[in-house]
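Take a look at the structure set out below.
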Amino acid sequence: MSPRFVINALSNAIIQSDRSSLTSMDVLLALKDAIDSDARIDGKKKRKWVDFLVIVRKDFYNRWVKEDVHKALFVSFEQEAQELLDKYLDEVEAMLDNRQIKDPITHEERRPDERFLRSVEEKIHVSESGKLSFRQEVVRKAMGAYKRGEKFTLDSHAQLHDAVEQYLFEQRRDVLRLVSSSARPDEEVRQKISVVEKRLVDEYGYDSHSAREALNYVTTLLAQE
3 MSPRFVINAL SNAIIQSDRS SLTSMDVLLA LKDAIDSDAR IDGKKKRKWV
53 DFLVIVRKDF YNRWVKEDVH KALFVSFEQE AQELLDKYLD EVEAMLDNRQ
103 IKDPITHEER RPDERFLRSV EEKIHVSESG KLSFRQEVVR KAMGAYKRGE
153 KFTLDSHAQL HDAVEQYLFE QRRDVLRLVS SSARPDEEVR QKISVVEKRL
203 VDEYGYDSHS AREALNYVTT LLAQE
C-alpha cells in the first residue's frame with residue numbers, strides 16, 4: 003500500500019464528507035473502501051489488507067479511544083474519585099488493623115469490605131497473593147503524606163490512581179450510555195458530557211465533531227462488553 007494510495011483514499015473521503023475533519027474511523031473506512039474498489043488488487047491481497055485494518059481498529063484504535071474517553075470522563079468525577087480513594091484507605095487500614103468499621107449510613111459495626119477492595123485492586127492486576135503487600139505499601143505512602151502535612155490524593159500513588167479511575171469508569175458507564183440514548187439526559191449529566199467533550203478537544207487533539215463521535219463509539223464498545 004503506497005503513500006499515494008493512502009493519500010488518494012483520504013482525499014476522496016474528505017471530498018465526500020460534509021464535515022471539516024475526518025475521524026479515525028472515517029480514515030479506516032476510507033482505506034477499506036479504496037481497497038475494496040481497486041480492481042488492480044487481487045482478492046487475496048485485498049483480504050490481507052482489510053484484515054490489517056481490522057487489527058488496527060481492534061488492537062489499537064479501540065484501546066486508545068477508550069483510554070482518551072476514560073481519562074476525559076474521569077475529570078468530571080474528581081470529587082467522587084477522591085471520596086472513593088478515601089473509602090479504600092479506610093477499608094485497608096481497618097483490614098490491616100484487624101478492626102471493624104462503622105457504617106456511615108446505618109452506624110453499625112461491620113468487617114472491612116474485602117469485595118470492594120479486591121474489585122479496585124483487580125483493575126490493576128493486583129493478585130490475591132500480592133494484595134497484602136500492595137495494601138501495606140499504600141498505607142505507608144498515606145502515612146508518609148500525613149507526616150509531611152500533605153493530603154493523600156490520587157496523584158500520590160500512580161497505581162492506585164489508575165485502579166480508582168478504572169473502577170469509577172465502570173461504575174459510571176450510564177453517563178456514557180446517555181450520549182447515544184434517545185432519552186434526554188438531565189442538566190447534571192449534560193454538564194458532565196460537555197466536560198468530557200471539552201477535555202477531549204482541549205487536551206487530546208479532538209475537534210467537537212470527533213469528540214462526539216469518540217463518545218458514541220466508546221458507548222457502542224461498552225454495550226458489547
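All residue numbers for the sequence shown refer to the numbering used here, where the first residue is 3 and numbers rise by one.
A virtual CB, placed ideally from N, CA and C, is assigned to each residue, including glycine.
Cβ neighbour criterion (16 or more within 10 Å) applied to residue i
i	result
D70	buried
V122	buried
K46	exposed
E237	Past the boundaries of the shown model lies residue 237; the chain is included only from 3 to 227, so the question cannot be answered.
I107	exposed
S131	exposed
S212	buried
R117	exposed
S184	With a pLDDT of only 48 at S184, under the threshold of 50, the placement of this residue in the model should not be trusted; the figure read from the coordinates follows. Answer is exposed; the Cβ neighbour count stays below 16.
E85	exposed
A165	buried
For residue i, the three-state DSSP class (helix, strand or coil)
i	result
I126	helix
K104	strand
R42	coil
R1	Examination of residue 1 is not possible in this model, given that the chain is present from 3 through 227 alone.
E152	coil
R112	strand
R21	coil
Alpha carbon of residue i to alpha carbon of residue j, nearest angstrom
i	j	result
I37	M3	9 Å
E189	V197	12 Å
V141	H163	14 Å
Q193	K48	45 Å
L134	E124	13 Å
S23	L12	11 Å
A74	H109	36 Å
A96	Q102	6 Å
A83	D157	11 Å
D44	N10	19 Å
D28	S210	15 Å
N64	V56	10 Å
Q18	A32	10 Å
G151	Q173	32 Å
8 Å Cβ cutoff, residue i in contact with chain C
i	result
Q138	The structure shown has no chain C; it contains just one protein chain.
Segment limits, alpha helix (DSSP H) that includes residue i
i	result
V58	Note, V58: premise wrong, no alpha helix (DSSP H); not H, not E.
T25	No alpha helix (DSSP H) holds T25; DSSP gives it neither H nor E.
F7	P5 to Q18
R214	S210 to Q226
F136	K133 to K149
L86	E80 to D99
E172	A160 to Q173
Residues of its chain near residue i, where Cβ-Cβ distance is below 6 Å and the 5 sequence neighbours each way are ignored
i	result
E167	F76
D105	R112
Residues near residue i by beta carbon distance below 7 Å, same chain, minus five either side
i	result
K68	V220 and L223
Cβ shell of residue i (< 8 Å), same chain only, five flanking positions each side left out
i	result
L98	R137, Q138 and V141
D88	none
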